[in-house]
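Reading the sequence shown from the start, the letters are residues 42 to 514 in my numbering.
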Amino acid sequence: MLGPDGVLHAIAAPSAPFDRVRRRNPLQFAPELTPREARLRVAPGARDLGRGVEAPLLLVNDALPSPTLRVRRGEEFSARMENGIDDPLILHWHGLTAPDDMDGHPRFAVDPGERYDYRFRVNDRPGTYWYHSHTHHRTGRHTYFGIGGLLIVEDPEAERDLPPKERELPIILQDRRLGDDGSLVYDPVGPSMMNGFMGPEALANGTLDTFAEVEPAVYRARILNGSNARIFRLARSDDRSMTLIANDGGLLERPVSLPWVDVAPAERVELLLDFREGNEGDRVMLRSLSFDPPGGMMGGGMMGGQMAIAYQQGRPLDLLEFRVSGQTTDPGFLPESLPSMPGLPDPAASVRERHFAFTSRMMMHRINGREFEMERIDEEVPFGDTEIWTFENDGNYPHPVHLHATHFRVLDRRGGRGQIFPWEAGRKDTVLVYPGEAVRVAVRFTAERGLFLLHCHNLEHEDHGMMQNILVV
Ligand code: C2O
Ligand code: CU
Ligand code: CU
42 MLGPDGVLHA IAAPSAPFDR VRRRNPLQFA PELTPREARL RVAPGARDLG RGVEAPLLLV
102 NDALPSPTLR VRRGEEFSAR MENGIDDPLI LHWHGLTAPD DMDGHPRFAV DPGERYDYRF
162 RVNDRPGTYW YHSHTHHRTG RHTYFGIGGL LIVEDPEAER DLPPKERELP IILQDRRLGD
222 DGSLVYDPVG PSMMNGFMGP EALANGTLDT FAEVEPAVYR ARILNGSNAR IFRLARSDDR
282 SMTLIANDGG LLERPVSLPW VDVAPAERVE LLLDFREGNE GDRVMLRSLS FDPPGGMMGG
342 GMMGGQMAIA YQQGRPLDLL EFRVSGQTTD PGFLPESLPS MPGLPDPAAS VRERHFAFTS
402 RMMMHRINGR EFEMERIDEE VPFGDTEIWT FENDGNYPHP VHLHATHFRV LDRRGGRGQI
462 FPWEAGRKDT VLVYPGEAVR VAVRFTAERG LFLLHCHNLE HEDHGMMQNI LVV
């Protein structure tokens, strides 16, 4: 945690060793696609997740993970989504500020066999975003079975001091449960309905037990926590620090060196991983450290015995092994500064406050006592006004709270952890609120008017209605 000096202190105990002899699968990278008259066909498919058998999935363009979309800031994004699955479907561009009929609100979900055309200009800051299904009651299932990929916004001028594209590692981290036959199990009932659905295995880019070869150089890892409910605490097994350069809202104002970083579902971090001092054959595990989730249920607490431990929030997981090999004459460097960030909402300019209570209890997930209704407008927010919103968690389960159509600035956190963390600086579209916490953010909509969403990004909570309609007028 943060010390009195405001510095995040190193992990007390050195990291436990990891299994070096285990057979590992090479990390797969998603195919890359430019969203210019692109076609995104969503359909059933199958892939080996690393157990040697094909598991039934839902895939975009038959790829796992779904294609990575790369676009330059200021360019037009155009794509046609074709729904080849048995459910209604709509895709959402998480973190982009698209017009309301392009943003993937569930009221636009199209029936099986139909399509949806997207066209809008990308004005968002360079960074790592993602896309996923936003079908009401089905987002958890669709994401779990494979619909979802990274969306990268580039700005070559702003990014000139960062590692080149060949040294980028786009990584989607997700936990899963696998059945004895090697296929995915998704059964969000009982305790999973309250905790959200967690599993004891970790996938990196859709595969179990992965490794990636790296040169002795600096890499830019673009990391998305694409889990339905699991929070990761990322760290290196060699206890070296990592350099955080970006989060949900893109590049930060300055790089910060950290021993570990928490990422909740839907949050992104970009980390510079320095292997320059690595020798041929060195191995480093990217892992999620064990932690005690503050203030409440551990997840799986009602299950008892082994099961409880395997599915718990905060259990340690090894995520991805890096193997150092080869040589390079151009190892790269850690930049001292990053491009400046204009126009963060100023809390002193606030003209209004709003309060949102996130409550999970008795098999219900609600915001301000209400369950989502497709046509009900929950809040009307004037375009351009600065407001202070409080997200309060008055139940027993963590909530990664997400807002569409803008990025907010995290002001403070009361109760629980009682502080804000370096990865919550700058602009955010998702913020983690643990039981007993109230997080205040400054919000201002400056991109689009229309109907957008505020919701919990624990996908089981969202599917059960922990979501509101926000009308920007
Ligand atoms: Cu990542 Cu409303 O979504
Ligand atoms: Cu979103
Ligand atoms: Cu939640």
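Positions of the beta carbon are idealized from the N, C-alpha and C atoms, including for glycine.
Asked	Found
Touch test, the stretch 254–270 against the stretch 381–396, Cβ-Cβ under 8 angstroms, three pairs minimum	no
The stretch 482–493 touching the stretch 133–153, judged by at least three CB pairs closer than 8 angstroms	yes
Ligand 1 heavy atom lying under 7 angstroms from the CB of His-396	no
Status (buried if at least 16 other CB within 10 Å, exposed otherwise) for Met-403	exposed
Heavy atom of ligand 1 within 7 angstroms of His-498 beta-carbon	yes
As assigned by DSSP and simplified to three states, the class of Leu-265	strand
Near ligand 2: His-445 beta-carbon under 7 angstroms from a heavy atom	yes
C-alpha distance - Val-310 paired with Ala-483, whole-angstrom precision	21 angstroms
The stretch 302–319 contacting the stretch 242–254, beta-carbon criterion three pairs below 8 angstroms	no
Inter-residue spacing [alpha-carbon to alpha-carbon] between Trp-171 and Pro-211	11 angstroms
Residue range of the unbroken beta strand (DSSP E) whose run includes Glu-209	209–217
Continuous alpha helix (DSSP H) assignments of at least 4 residues falling wholly in the stretch 138–186	180–185
Assigned exposure category for Asp-228 - 16 Cβ within 10 Å defines buried	exposed
Proximity below 8 angstroms, CB of Met-249 to CB of Leu-327	The sequence shown places Leu at residue 249, not Met. Cβ atoms of Leu-249 and Leu-327: not closer than 8 angstroms.
Given Asp-371 as reference, the closest of Pro-241, Val-259, Pro-296 once Cα atoms are compared	Val-259
Contact test: Ala-258 Cβ vs ligand 1 heavy atom, cutoff 7 angstroms	no
Between the CA atoms of Leu-375 and Cys-497 - distance to the nearest angstrom	35 angstroms
For Met-235, the residue or residues it bridges with in DSSP	Beta-bridge pairing links Met-235 to no other residue.
Cβ separation of Thr-400 and Val-442, assumed to be a contact under 8 angstroms, to the nearest whole Å	In fact, because the Cβ distance is near 13 angstroms, the residues do not count as touching under 8 angstroms.
C-alpha distance - Pro-335 paired with Gly-457, whole-angstrom precision	7 angstroms
Any non-hydrogen atom of ligand 2 within 7 angstroms of His-440 CB	no
Unbroken alpha helix (DSSP H) run spanning Gly-504, endpoints	Note on identity: in this sequence residue 504 is Asp, with Gly being the wrong assignment. Run containing Asp-504: 500–504, per the alpha helix (DSSP H) assignment.
Cβ neighbours of Tyr-157 in the same chain (closer than 7 angstroms, five flanking residues each side left out)	Met-122, Ile-131, Phe-149, Val-151
Residue range of the unbroken beta strand (DSSP E) whose run includes Phe-363	358–365
Simplified DSSP assignment, three categories, for Pro-463	helix
Where Ile-408 falls, given that 16 or more other Cβ within 10 Å makes a residue buried	buried
Pair within 8 angstroms by beta-carbon distance, Arg-317 and Glu-362	no
Inter-residue CB distance, Phe-581 and Leu-98 (contact presumed, cutoff 8 angstroms)	The structure shown does not extend to residue 581, since the chain is modelled only from 42 through 514, so no value can be given for it.
Cβ neighbours of Tyr-159 in the same chain (closer than 6 angstroms, five flanking residues each side left out)	Ala-120, Met-143
Limits of the unbroken beta strand (DSSP E) element including Glu-420	420–422
N- and C-terminal bounds of the beta strand (DSSP E) containing Thr-75	From DSSP, Thr-75 is part of no beta strand (DSSP E); its letter is neither H nor E.
Range of the contiguous beta strand (DSSP E) that encloses Gln-354	Where Gln-354 is concerned, there is no enclosing beta strand (DSSP E), given that its DSSP letter is neither H nor E.
Distance CB(Leu-74)-CB(Pro-108) smaller than 8 angstroms	yes
Contact test: His-177 Cβ vs ligand 2 heavy atom, cutoff 7 angstroms	no
Residue range of the unbroken beta strand (DSSP E) whose run includes Pro-296	291–299
Gly-341 - DSSP class collapsed to helix/strand/coil	In this prediction, Gly-341 has a pLDDT of 46, which is less than 50 and means its spatial position is unreliable; nothing more can be read from the coordinates.
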